[in-house]
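Peer 1: Structure below; questions to follow.
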Amino acid sequence: MSHKILVVEDESSILQTVQAYLQQDGHTVYTAQDGPTGLKAARALRPDLIVLDIMLPGMDGLELLRQLRQDSDVYVLMLTARSDESDKIVGLTVGADDYLTKPFSPRELAARVKAILRRGRGADDREPALVFRRLRIDAEARQAAKDGLPVDLTAIEFDLLHALARHPGRVLSREQLIEQVWGYDYYGDERVVDVHIGRIRKKIEDNPEAPTLIVTVRGAGYRFEDPPQ
Ligand code: CA
Numbered sequence: 042m043s044h045k046i047l048v049v050e051d052e053s054s055i056l057q058t059v060q061a062y063l064q065q066d067g068h069t070v071y072t073a074q075d076g077p078t079g080l081k082a083a084r085a086l087r088p089d090l091i092v093l094d095i096m097l098p099g100m101d102g103l104e105l106l107r108q109l110r111q112d113s114d115v116y117v118l119m120l121t122a123r124s125d126e127s128d129k130i131v132g133l134t135v136g137a138d139d140y141l142t143k144p145f146s147p148r149e150l151a152a153r154v155k156a157i158l159r160r161g162r163g164a165d166d167r168e169p170a171l172v173f174r175r176l177r178i179d180a181e182a183r184q185a186a187k188d189g190l191p192v193d194l195t196a197i198e199f200d201l202l203h204a205l206a207r208h209p210g211r212v213l214s215r216e217q218l219i220e221q222v223w224g225y226d227y228y229g230d231e232r233v234v235d236v237h238i239g240r241i242r243k244k245i246e247d248n249p250e251a252p253t254l255i256v257t258v259r260g261a262g263y264r265f266e267d268p269p270q
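Heads up, the final residue of the sequence shown is numbered 270 in our numbering, and it's a clean run with no missing numbers.
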């Protein structure tokens with residue numbers, strides 16, 4: 042299936058390689074080589090996925106993402122330099138869904154993109170809404186509500202919450218969650234899951250420091266609970 046993908050990267054050689062690989066998979070690929078152009082393109086083209094470099098002229102990828110997240114839940118795969126260990130976490134914190142470290146294999150990038158665009162098969166659109174005492178999670182509308190009020194989640198946050206809520210009371214490992222939500226085999230970085238759980242908690246928990254809806258099970262993973270109001 043063809044999707045619209047925007048690649049924002051100022052290094053022409055990387056940009057061209059990524060573009061070629063994604064086009065090979067049948068996607069329509071748009072490109073931008075600086076931050077402001079990338080943000081404008083993201084808003085105008087409404088792509089299905091954005092590959093976003095952090096180091097960009099004009100406006101860096103983190104700032105671009107911060108601004109974009111004000112009104113977009115598009116899937117964002119961030120590119121980071123190997124030396125910038127903290128950039129990965131910052132990127133996830135401001136709203137990236139995943140990241141790849143440079144130098145990366147374009148094949149790996151294409152595989153991740155394919156997996157993520159195929160995703161959603163876990164959440165059958167005609168599945169009845171999951172209704173709990175405090176939360177309602179509607180896969181068809183892709184909408185969650187807490188105590189009757191809508192919760193603003195990104196696409197991946199919604200899928201992660203939905204994956205957990207489909208099995209209330211059951212512990213799901215980070216590995217299982219990566220497979221179900223990101224759609225690809227476990228590749229070693231569990232922090233991706235932890236950062237996203239942290240973001241969901243800020244949106245749904247009364248006290249994110251003492252969560253009652255998504256509980257951490259040490260050494261095992263996460264468990265969805267249905268506490269009384
Ligand atoms: Ca760059």
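Cβ atoms here follow ideal geometry from the backbone N, Cα and C, with glycine treated the same way.
Here the structure is a predicted model, which means the values were calculated and not measured.
If you draw a straight line from the alpha carbon of K243 to that of K45, how long is it in whole angstroms?
Peer 2: 30 Å
Peer 1: Please name the residue in D188, E181, L190, G189 whose C-alpha comes closest to that of H203.
Peer 2: E181
Peer 1: For A137 and G67, what's the separation of their Cα atoms in angstroms?
Peer 2: 24 Å
Peer 1: Measure the beta-carbon distance from I91 to L47 and round it to whole angstroms, keeping in mind my assumption that it falls under 8 Å.
Peer 2: Correct: roughly 5 Å between the Cβ atoms.
Peer 1: Grab me the residues of M119's own chain with a C-beta within less than 6 Å of its C-beta, minus the 5 sequence neighbours each way, in chain order.
Peer 2: Counting only Cβ-Cβ distances below 6 Å, and skipping sequence neighbours, we find L93, G132, A137, Y140.
Peer 1: Report the residue from P147, I241, A206 whose alpha carbon sits nearest the alpha carbon of D179.
Peer 2: A206
Peer 1: Quick check on L118: does DSSP put it in helix, strand or coil?
Peer 2: strand
Peer 1: In three-state DSSP terms, what is A73?
Peer 2: strand
Peer 1: Given a threshold of 16 other Cβ atoms within 10 Å of its Cβ, counted over all protein chains shown, does V222 qualify as buried or as exposed?
Peer 2: buried
Peer 1: Please determine whether the Cβ atom of E266 lies at a distance below 8 Å from any heavy atom of ligand 1.
Peer 2: no
Peer 1: For ligand 1, any of its heavy atoms closer than 8 Å to the Cβ of M100?
Peer 2: no
Peer 1: Measure the beta-carbon distance from R174 to D267 and round it to whole angstroms, keeping in mind my assumption that it falls under 8 Å.
Peer 2: With a Cβ gap of about 6 Å, R174 and D267 count as contacting.
Peer 1: Let me check you understand the geometry: is the CB of E50 closer than 8 Å to at least one non-hydrogen atom of ligand 1?
Peer 2: Yes, since a heavy atom of ligand 1 falls inside the 8 Å radius drawn around the Cβ of E50.
Peer 1: For the alpha helix (DSSP H) that contains I241, what are its first and last residues?
Peer 2: From DSSP, the alpha helix (DSSP H) with I241 extends over 232-245.
Peer 1: Rounded to whole angstroms, what is the Cα-Cα separation between V59 and D188?
Peer 2: 44 Å
Peer 1: For the pair the segment 65-82 and the segment 101-119, tell me if three or more CB-CB distances fall below 8 Å.
Peer 2: yes
Peer 1: Which term fits E250, buried or exposed, when burial requires 16 or more other beta carbons within 10 angstroms of its beta carbon?
Peer 2: E250 comes out exposed.
Peer 1: Tell me which same chain residues have a C-beta within less than 7 Å of the C-beta of R240, skipping the five on either side of it?
Peer 2: E198
Peer 1: For D235, collect the residues of the same chain with a Cβ closer than 8 Å to its Cβ; drop the 5 residues on either side in sequence, then sort them by chain order.
Peer 2: R215
Peer 1: Can you tell me the Cα-Cα spacing of S54 and T253, whole angstroms?
Peer 2: 48 Å
Peer 1: So, for A192: in the same chain, excluding its five sequence neighbours on each side, which residues have a beta-carbon less than 7 Å away from its beta-carbon?
Peer 2: Per the sequence presented here, residue 192 reads as Val, with Ala not at that position. In its chain, beyond the 5 residues on either side, A185, A186, K244, I245 have a beta carbon closer than 7 Å to the beta carbon of V192.
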